[in-house]
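The block underneath contains the structure these notes are about, expressed in structure tokens.
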Amino acid sequence: MPPEGFEPITDEGAFVKHIGPLLGRDGVVGLRIDERHINSFGKAQGGVLATLVDFANAHNVRTESEEENPSVATVSLTVDYLGTASEGDWVEAHVTVERLGGTLAFVDCSVRAGDKEIVRGRAVFAVIT
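Here the numbering used here is used: the first residue of the sequence shown is 3, the next is one more, and so on.
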């Protein structure tokens with residue numbers, strides 16, 4: 003079970019549905035790591051965590067934009083892996099939209115498993131109206 007207050011996110015798109023369900027609460031995007039996400043070392047695959055970072059960042063840019071239902075496209079994504087997550091772990095992507103104006107958004111993301119930061123991501127998005 004996810005922590006209290008997390009609800010399904012329904013605008014994730016076809017690709018992201020492969021790793022979900024993704025759940026959200028107050029701008030935080032969460033995912034339960036299951037057997038589909040595990041690499042040959044028994045840890046969450048880096049690509050799953052990078053997808054979580056990319057989606058959570060884009061989701062928050064769309065939510066915070068003043069435009070009605072904007073499209074966003076990843077211009078740049080940097081992901082630093084600081085730790086690992088195992089099967090059964092609940093991971094949360096905490097996002098800060100640092101600047102959103104005109105056609106670009108600058109975003110920072112910290113993915114946590116429990117009390118440890120396991121991924122740090124930074125991104126630039128094009129906001130397409």
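Heads up, the beta-carbon is just placed ideally off N, CA and C, and yes, glycines get one too.
Practice task
Measure the C-alpha to C-alpha separation of VAL81 and ASP56 and round it to an integer number of angstroms.
Solution key: 9 Å
Exercise for the section: Please confirm if the region 57 to 74 is in contact with the region 95 to 110, defined as three or more CB-CB distances below 8 Å between the two stretches. Expected result: yes
Practice task
Could you check if VAL31 is buried or exposed, using at least 16 other CB atoms within 10 Å of its CB as the buried criterion?
Solution key: Answer is buried; the Cβ neighbour count reaches 16.
Practice task
Could you tell me the boundaries of the alpha helix (DSSP H) in which GLU66 lies?
Solution key: 48 to 66
Exercise for the section: Please go through the region 84 to 124 and give each complete beta strand (DSSP E) segment of 3 or more residues, from N-terminal end onward. Expected result: 92 to 103, 106 to 115
Exercise for the section: Please list the segments of the alpha helix (DSSP H) lying wholly inside the region 7 to 54, counting only runs of 4 or more residues, in order along the chain. Expected result: 15 to 19
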